[in-house]
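Trainee: Residue numbers (the working numbering), protein chains in the order written: chain Z, 46 to 444; chain Y, 136 to 416.
Note that CB positions come from ideal geometry on N, CA and C, so glycine has one too.
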């Protein structure tokens, strides 16, 4: 009776092996499971091996066994997207109130949940996709909410149209791709990054090689001769720069965070910096990009053997890359164009790559195609898939 | 490898507050003879669970603390070549140099297999080691046996140990490994459960104090942009610190920025600054 449920789970992307299913049958036969609640717990612990799938499991289970409607994932994802944006908006409640056409005092009465609902209702009013209109949500429109209409800093006016942001992301369900067969999975990531640790003998010979010592001692007829080896020391320095700003990176932040976590465990010397969209005069050591800035020019003092890995979707308005005053953050000092600074970094660190969470097949058709192609001229660009990462690592190891 | 007397069900202990779901999972894993893999934030009691199981079932606990440089064979056995070399050269020990077996030392897993009685084997923070470690352990845990190559001998578990594996979710474990384990993710406890946990650690704590402290604690977990959120462990230490402070006023806690010993909860200086800003705003 549970076979259809099993297939349903698999169909929704939870990787369940037949062995796990049989094991569940065994648990049922052992009489361990007597109630539906037991079954819920047992089936999950035996078949679902990642908390990332717990949510899907819950929803499917509810649908299957209690007749509760399985919510369309689009709704769910929309809600998630709205929620994540809401956090951003709430930093400036007044602006948000204006956007929604509410009186700021009125606005204070709404709880975050009500706001989410309000926004979702607005989104659903729109039954089809339309670009360039004047209605609520769309691409390149004149309305305040939607693509290119609004920026938390209150700066992004005009901008280059074309998409790549905010609500459009939700409407196109691009997250779906990242849930299962999108860029790299965490376990593969470890495999790829491990290759970065190229082991290079350095330093004094101070490690006893027991096998060789025994061999040599035997050869000497029992006269002990101790053989020393060099310590295997990982001398690889890595600088990681991540684009953690703006909505266009939102769908990728999880992926980047995984990469980042792996990086910390895999290298001895690792420095992480953050930037928003493009690199200008400063990068930041703190994810909030406010407390610990570092002058980009200072990188010239670092070891040029440092491997520089930049993670970003490279999708931005052309002026952000090419203009001497292209930075979209008001407070950010800027003396030269992003293009100049990127070229500077590429000159400073001959071993550098750009990792793009957007997979390669989208590079030419996505909203940021122009800047992607420009940046790919400066840095070898790889996508954040296993193949892409392998190629990037191979490139970085080269002398 | 059959157990003579069936084990009683695991029911939790006085100092370990167990939620019913987790108890069920533990018992299913024991019955199915499968390792139980626990993931979750640090400080959610993953490691303590193994201690609680051992205590409650009256079994011995053997802990294998995984280190990043560890190889699977280290956990199984070690061939002490250096001592043998020494013995061979100076011959002043009672060991028989010709008998390699005398120079084999059991690792933690070897000890668990060799134990006369059934044991609880805790493999702590398996994600620290690289994936080869997990892959090498796969067969060992599956077959409950391993070979000592040097003396061509197979060590088989006398009693199948209850295996608990913890992971801090730094890395995902390999699929084949996951396939052989039961899995549970320990979510951060709700305020209600946290009350029980506080009660278990501080039986004498007054209700209004506990309320104030726990409410403030959950409030502080919402401080944005924090690298390491305070966990249960920090809460327990914090309560301890507060209780030792004669001037502590529970009624005032959280009001007008009155939160003493904030550093116990936030251990990174940047986080601490964020928390201070959050409280004072």
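Between residue 245(Y) and chain Z, is the shortest Cβ-Cβ distance under 9 Å, so that the two count as touching?
Mentor: Start at 1 with the first residue of the second chain, and residue 245(Y) comes out as number 110. False, the Cβ-Cβ gap to chain Z never drops below 9 Å.
Trainee: Which residue comes first and which comes last in the beta strand (DSSP E) that contains residue 320(Y)?
Mentor: Working through the second chain from its first residue, we reach residue 320(Y) at position 185. Looking at the DSSP string, the run of the beta strand (DSSP E) that includes residue 320(Y) is 317-321.
Trainee: Note down, in chain order, each residue of its chain lying with its Cβ closer than 7 Å to the Cβ of residue 200(Z), except the 5 sequence neighbours on either side.
Mentor: By one-based count along the first chain, residue 200(Z) stands at place 155. Its pLDDT being 28, under 50, residue 200(Z) is placed unreliably by the model, and the measurement read from it follows with that caveat. Hits under 7 Å: 373 and 375.
Trainee: Distance, Cα to Cα, residue 336(Z) vs residue 362(Y)?
Mentor: Numbered from 1 along the first chain, position 291 holds the residue referred to as residue 336(Z). Numbered from 1 along the second chain, position 227 holds the residue referred to as residue 362(Y). If I take the Cα positions, the gap works out to 14 Å.
Trainee: Taking CB distances under 9 Å as the criterion, tell me whether residue 262(Z) reaches chain Y.
Mentor: One-based indexing of the first chain puts residue 262(Z) at position 217. Yes, contact with chain Y.
Trainee: From this set, 298(Y), 235(Y) and 238(Y), which residue's C-alpha is nearest residue 169(Y)'s C-alpha?
Mentor: For the purposes of this step, residue 169(Y) is identified with residue 34 of the second chain, where counting begins at 1. Looking at the Cα atoms, 298(Y) is the closest of the given residues.
Trainee: Would you kindly work out how many angstroms separate the C-alpha atoms of residue 236(Y) and residue 213(Y), rounded to a whole number?
Mentor: One-based indexing of the second chain puts residue 236(Y) at position 101. One-based indexing of the second chain puts residue 213(Y) at position 78. For residue 236(Y) and residue 213(Y), the distance between alpha carbons rounds to 11 Å.
Trainee: Using 9 Å as the limit for Cβ to Cβ distance, is residue 198(Z) near chain Y?
Mentor: The residue labelled residue 198(Z) in the question sits at position 153 within the first chain. Note that residue 198(Z) has pLDDT 30, beneath the 50 cutoff, so the model's placement of it is unreliable and the number below is only indicative. Not an interface residue.
Trainee: Does residue 241(Y) have its Cβ less than 9 Å from a Cβ in chain Z?
Mentor: Within the second chain, the letter at position 106 stands for residue 241(Y). It does not: the Cβ of residue 241(Y) has no partner Cβ on chain Z nearer than 9 Å.
Trainee: I'd like to check one pair, residue 153(Y) with residue 146(Y): are the Cβ atoms closer than 9 Å?
Mentor: Taking the first residue of the second chain as 1, we reach residue 146(Y) at position 11. Taking the first residue of the second chain as 1, we reach residue 153(Y) at position 18. Yes, Cβ-Cβ distance for residue 146(Y) and residue 153(Y) is below 9 Å.
Trainee: Of the residues that make up the stretch 217-232 of chain Y, which ones have a beta carbon closer than 7 Å to any beta carbon in chain B?
Mentor: Of the protein chains in this structure, namely Z and Y, none is chain B.
Trainee: Check whether the stretch 219-231 of chain Y and the stretch 159-177 of chain Y touch, using three or more Cβ-Cβ pairs below 8 Å as the test.
Mentor: no
Trainee: Is residue 60(Z) close to chain Y, meaning its C-beta is less than 9 Å from at least one C-beta of that chain?
Mentor: Position 15 of the first chain, counting from 1, holds the residue named residue 60(Z). True, the Cβ-Cβ gap to chain Y drops below 9 Å.
Trainee: Whole angstroms is fine: what's the gap from residue 60(Z)'s alpha carbon to residue 93(Z)'s?
Mentor: Within the first chain, the letter at position 15 stands for residue 60(Z). Within the first chain, the letter at position 48 stands for residue 93(Z). Taking the straight line from one Cα to the other gives about 8 Å.
Trainee: Could you check whether the stretch 309-320 of chain Y touches the stretch 346-358 of chain Y, counting it as contact only if at least three pairs of C-beta atoms, one from each stretch, sit closer than 8 Å?
Mentor: no
Trainee: CA-CA distance, residue 301(Y) and residue 342(Z)?
Mentor: Residue mapping note: residue 301(Y) aligns to position 166 of the second chain, counting from 1. Residue mapping note: residue 342(Z) aligns to position 297 of the first chain, counting from 1. Cα to Cα, residue 301(Y) sits roughly 44 Å from residue 342(Z).
Trainee: State the CB to CB distance for the pair residue 377(Z) and residue 325(Z), rounded to an integer number of angstroms; the pair is presumed to be in contact (CB under 8 Å).
Mentor: Residue numbering aside, residue 377(Z) sits at position 332 when the first chain is read from its first letter. Residue numbering aside, residue 325(Z) sits at position 280 when the first chain is read from its first letter. About 6 Å separates the two Cβ atoms, so the contact holds.
Trainee: Strictly below 8 Å CB to CB, what residues from chain Y border residue 68(Z)?
Mentor: Taking the first chain and counting its residues from 1, the one referred to as residue 68(Z) is at position 23. Those are 167 and 169, listed as they occur along chain Y.
Trainee: Nearest by alpha-carbon distance to residue 105(Z): which of 371(Z), 51(Z), 66(Z) and 87(Z) is it?
Mentor: Taking the first chain and counting its residues from 1, the one referred to as residue 105(Z) is at position 60. Per the Cα distances, 51(Z).
Trainee: Please confirm whether residue 354(Y) has its beta-carbon closer than 9 Å to some beta-carbon of chain Z.
Mentor: Translated into positions along the second chain, residue 354(Y) becomes position 219. No, residue 354(Y) lies away from the interface with chain Z (no Cβ there is under 9 Å from its Cβ).
Trainee: Going along chain Z, which residues have a C-beta under 8 Å from residue 314(Y)?
Mentor: By one-based count along the second chain, residue 314(Y) stands at place 179. Chain Z residues near residue 314(Y): 62, 64, 65 and 94.
Trainee: Using a Cβ cut-off of 7 Å, which residues of the stretch 319-344 of chain Y contact any Cβ in chain Z, in chain order?
Mentor: 319 and 320
Trainee: Whose CA, out of 243(Y), 185(Y), 206(Y) and 219(Y), lies closest to the CA of residue 234(Y)?
Mentor: Here residue 234(Y) refers to the residue found at position 99 when the second chain is read from its first residue. If we check each option's Cα against that of residue 234(Y), 219(Y) comes out closest.
Trainee: Excluding sequence positions up to five away, which residues of its chain have a Cβ less than 6 Å from the Cβ of residue 261(Y)?
Mentor: For the purposes of this step, residue 261(Y) is identified with residue 126 of the second chain, where counting begins at 1. Closer than 6 Å at the Cβ level, and outside the excluded window around residue 261(Y), lie 201, 300 and 302.
Trainee: Any beta-carbon of chain Y closer than 9 Å to the one on residue 100(Z)?
Mentor: Locating residue 100(Z) in the first chain gives position 55, where the first residue counts as 1. So no, residue 100(Z) is outside the interface.
Trainee: Got a sec, what are the start and stop residues for the beta strand (DSSP E) residue 49(Z) sits in?
Mentor: Indexing the first chain from 1 puts residue 49(Z) at position 4. That residue, residue 49(Z), is in no beta strand (DSSP E); its alpha helix (DSSP H) goes 48-56.
Trainee: Residue 358(Z): buried (16+ other C-beta within 10 angstroms of its C-beta) or exposed?
Mentor: Indexing the first chain from 1 puts residue 358(Z) at position 313. Its Cβ being crowded by 16 or more others within 10 Å, residue 358(Z) is buried.
Trainee: Please report the distance separating the alpha-carbon of residue 210(Y) from that of residue 182(Y).
Mentor: The residue given as residue 210(Y) occupies position 75 in the second chain. The residue given as residue 182(Y) occupies position 47 in the second chain. Spanning the two alpha carbons is a distance of roughly 18 Å.
Trainee: Quick one, are the C-beta atoms of residue 315(Z) and residue 285(Z) less than 9 Å apart?
Mentor: Here residue 315(Z) refers to the residue found at position 270 of the first chain. Here residue 285(Z) refers to the residue found at position 240 of the first chain. Yes, Cβ-Cβ distance for residue 315(Z) and residue 285(Z) is below 9 Å.
Trainee: At a CB-CB cut-off below 9 Å, which residues of chain Y make contact with residue 269(Z)?
Mentor: Position 224 of the first chain, counted from the first residue, corresponds to residue 269(Z). Within chain Y, the residues near residue 269(Z) are 220 and 224.
Trainee: Who are the neighbours of residue 71(Z) on chain Y, taking C-beta pairs under 7 Å?
Mentor: As a working note, residue 71(Z) is residue 26 in the first chain. Those are 167, listed as they occur along chain Y.
Trainee: Tell me whether the stretch 254-271 of chain Y and the stretch 191-208 of chain Y touch, counting them as touching only if at least three CB pairs, one residue from each stretch, are closer than 8 Å.
Mentor: yes
Trainee: Cutting at 6 Å between CB atoms, please list the residues of its own chain near residue 230(Y), excluding the five before and the five after it.
Mentor: Position 95 of the second chain holds residue 230(Y). Cβ neighbours of residue 230(Y) beyond the five flanking positions: 222 and 237.
Trainee: Quick test of your reading: residue 380(Y) and residue 365(Y), contact by CB under 8 Å. State the CB separation rounded to the nearest angstrom.
Mentor: Counting from one through the second chain, the residue named residue 380(Y) turns up at place 245. Counting from one through the second chain, the residue named residue 365(Y) turns up at place 230. Rounded, the Cβ-Cβ distance is 18 Å, inconsistent with contact.
Trainee: To the nearest angstrom, how far is it from the Cα of residue 274(Y) to the Cα of residue 356(Y)?
Mentor: For this step, residue 274(Y) is matched to residue 139 along the second chain. For this step, residue 356(Y) is matched to residue 221 along the second chain. Between residue 274(Y) and residue 356(Y), the C-alpha separation is close to 41 Å.
Trainee: Please state if the CB of residue 384(Z) and the CB of residue 442(Z) are separated by a distance shorter than 9 Å.
Mentor: Here residue 442(Z) is taken as the residue at index 397 of the first chain, counted from 1. Here residue 384(Z) is taken as the residue at index 339 of the first chain, counted from 1. Cβ atoms of residue 442(Z) and residue 384(Z): not closer than 9 Å.
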